[in-house]
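Counting along the sequence shown from 1, when you hit position 89 you're at 82 in our numbering, and nothing is skipped either side. Glycine included, each C-beta is placed from N, C-alpha and C at the ideal position. Data block below; observations after.
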Amino acid sequence: MVSFGWKKKIDQAVVKRSREEFEKDAKDVVDEDEIIIQNGEVDWLSLAPKRNCTVALEDSLAKAGRLKTEGGTLAEAERYWEALKKWDEALALTPKDATLYEMKAQAYLQLCEVFPAVQSASKAVQLAPTWWEAYQTLGRTHLGLGEVKLALRSFSKAFHINPCDQELWEEDLQWTLSLLRRKQNIKDQLQTVVQQSRISIRTLEEESEESGSENTALSDTEAESRLVQFTSGSDEKHEEGEQKLRRLPGNYVQMRDTG
């Protein structure tokens, strides 16, 4: 069997001698560093901690502007989905740029994506409440939804901010007013048609009631005449039967009334 025992301790004299030699070497190194520092031979740049720093080729604003321009070029080429991706990347760098949201709303309108267009235009108006083009785009998105009154309100705000724009006055505001008038005319015509249909239904009901009462009166008179004819015919037949009974043949014996 293997026997286990305590390890032999190192002699204290050996440990003390090693510690003294280590302290002496360290003291010599410190003395050399102090001499170098006093002589001014230290390279402080080499002693400074090194940092991992990368130089950016372009800042966030410049990159956002580049992505915005690329998206506009793609939109002019009718590549709207790719343009939207570029603008989303630009919004990640500059999230408060109202022009990007307005451009996204126009692209969504071209793609017939009405609800995202309304959301983007509303965000543009929220970020730039004094920008008339944002209200113009918001009004066009409302027209895409069929909300003529909301579109008229947005166009009115845009025209109030910029009353000199001829396109806004003719193609947006006046056209929306004509749509609203046309809608009101159609509603009025529909109400007149409904009223006329109700009147015709009432006249038909009255005529049917009158014809029904006449038919019931005629049926009553016909029944009475038939009843009279039936009763008169039955009386005549009864009289003829009695006459026949009174004319008995000669071989029949007639009973006498015994009172």
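If you check the beta carbons only, do residue i and residue j fall under 8 angstroms apart?
i    : j    : result
A151 : Q177 : no
A114 : T134 : yes
S147 : L131 : yes
L84  : L93  : yes
V141 : L172 : yes
K79  : G58  : no
L102 : A91  : no
A76  : A98  : no
L138 : V107 : yes
Give the single residue among the options whose Cα lies nearest to the Cα of residue i.
i    : options                  : result
D54  : P156, K78, P88 and L77   : According to the sequence displayed, residue 54 carries Leu and not Asp. Comparing Cα positions, the closest option is P88.
L170 : L136, F108 and I154      : L136
M96  : P122, L67 and T123       : L67
L145 : D52, S201 and Q167       : Q167
W125 : D158, V187, S201 and A70 : D158
L143 : D165, K180 and I154      : D165
S81  : K61, A70 and E71         : Reading the sequence as shown, one finds Asp at residue 81 and not Ser. The candidate whose alpha carbon is nearest that of D81 is K61.
I154 : L183, A121 and S190      : A121
C105 : T123, W74, V187 and T185 : W74
A127 : Q112, E71 and S201       : Q112
Using beta carbons (cut-off 8 angstroms, strictly below), is residue i in contact with chain C?
i   : result
E63 : Here there is only one protein chain, and chain C is not present.
What ranges does the alpha helix (DSSP H) occupy inside the stretch 127 to 193, keeping only unbroken runs of at least 4 residues that lie completely in it? Counting whole runs of 4 or more residues, the stretch 127 to 193 contains the alpha helix (DSSP H) stretches 141 to 154.
Whole runs of the alpha helix (DSSP H) within the stretch 71 to 133, excluding any shorter than 4 residues: Complete alpha helix (DSSP H) runs here, min 4: 73 to 86, 91 to 103 and 107 to 120.
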